[in-house]
Amino acid sequence: MRALPNHPPPRHFSRSTRESLTNRLSKHLCSFVLSALLLVAFIMFLLWLALRPHRPRFHVSSFSTSPFPPSESSSPYFTVQLSIRNPNRKIGFFLGPISGSVHYRGNPIGSNTNLGGPFYQPPQSTKTVGGRFDSGLIGPFNTAGMQNDLSENGSVGFKVVLKTSLRFRVSAWEPRGAHTMHVSCDVVVGPDGQIMAESKNRRCSIYFF
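The opening residue of the sequence shown carries number 0 in numbering that gives the first Met the number 0; numbering runs sequentially from there.
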């Protein structure tokens, strides 16, 4: 009986086998890389939830002005005290030099360029800053407006505006770069020029730009 000749396997079969193994390895490698990335992203998300920084909290604890109500020929001054609270559990922050001004109906009528800072504030701590805001002649328009507010409402509203810089710190890690921070506090005083209960310890607004 005549023997059948031995033929080598077709080349296309060997090539397809190699391509199949390569595809499998590529898929396994891609799956591993994606899984690793997802795991890292999940861990970073948990760390962010645990360490995400909260902004400082500013409150006006005291505010007074004298003489009040002012006359056109007087130069009133304002005495302001604010508390700064760090609500974070594990994150401290650095505040730069703090300057401020007092506004009436959008017009600046008093200023102080050295209210405190720079300083570091540890987690879950409270610090007090403040000082005297001096002004020149505030003018007949502002004087008449305050007297009119007192006669109609029994009170006068002011706004305290602060400017400083903020940089967070997590343990020994300090991110580079500080953010310019503005603080805006609405204050209402009574006929005696003292802060009214409705404004005392009211939380101030914070914005960055």
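From the three backbone atoms N, C-alpha and C, an ideal C-beta is built for every residue, glycine too. Fair warning: this is a prediction, and the values are worked out from it, not measured in the lab.
Simplified DSSP state of residue i, which is helix, strand or coil
i	result
D191	coil
F31	helix
S19	helix
Alpha-carbon spacing of residue i relative to residue j, whole angstroms
i	j	result
H53	Y119	15 angstroms
D148	G105	15 angstroms
P69	F140	12 angstroms
F57	T127	10 angstroms
I90	P121	7 angstroms
L144	A40	Looking at the sequence itself, residue 144 is Gly, so the reference to Leu does not match. Those two C-alpha atoms are separated by around 57 angstroms.
S124	F167	14 angstroms
N85	N111	23 angstroms
T21	C29	12 angstroms
F67	R88	42 angstroms
S25	S34	14 angstroms
I83	D185	16 angstroms
I137	H178	33 angstroms
N152	G189	9 angstroms
S164	Y103	25 angstroms
S100	L37	49 angstroms
Close beta carbons around residue i, own chain, < 7 angstroms, minus the five adjacent residues each side
i	result
P117	F93, L94, G95, P96
G115	I97, V128
Y206	H181
Cβ separation of residue i and residue j, assumed to be a contact under 8 angstroms, to the nearest whole Å
i	j	result
S134	I108	5 angstroms
V169	C203	With a Cβ gap of about 25 angstroms, V169 and C203 do not count as contacting.
S63	Q193	5 angstroms
S65	P55	So it is not a contact: roughly 29 angstroms between Cβ atoms.
V160	V59	In fact, because the Cβ distance is near 12 angstroms, the residues do not count as touching under 8 angstroms.
Cβ-based neighbour list, residue i, same chain, cut-off 8 angstroms, excluding 5 preceding and 5 following
i	result
S211	Here the chain comprises residues numbered 0 to 208, so residue 211 is not present and cannot be evaluated.
V187	S154, V155, G156, F157, I194, M195, E197, S198
Whole runs of the alpha helix (DSSP H) within the region 119-181, excluding any shorter than 4 residues: 138-152
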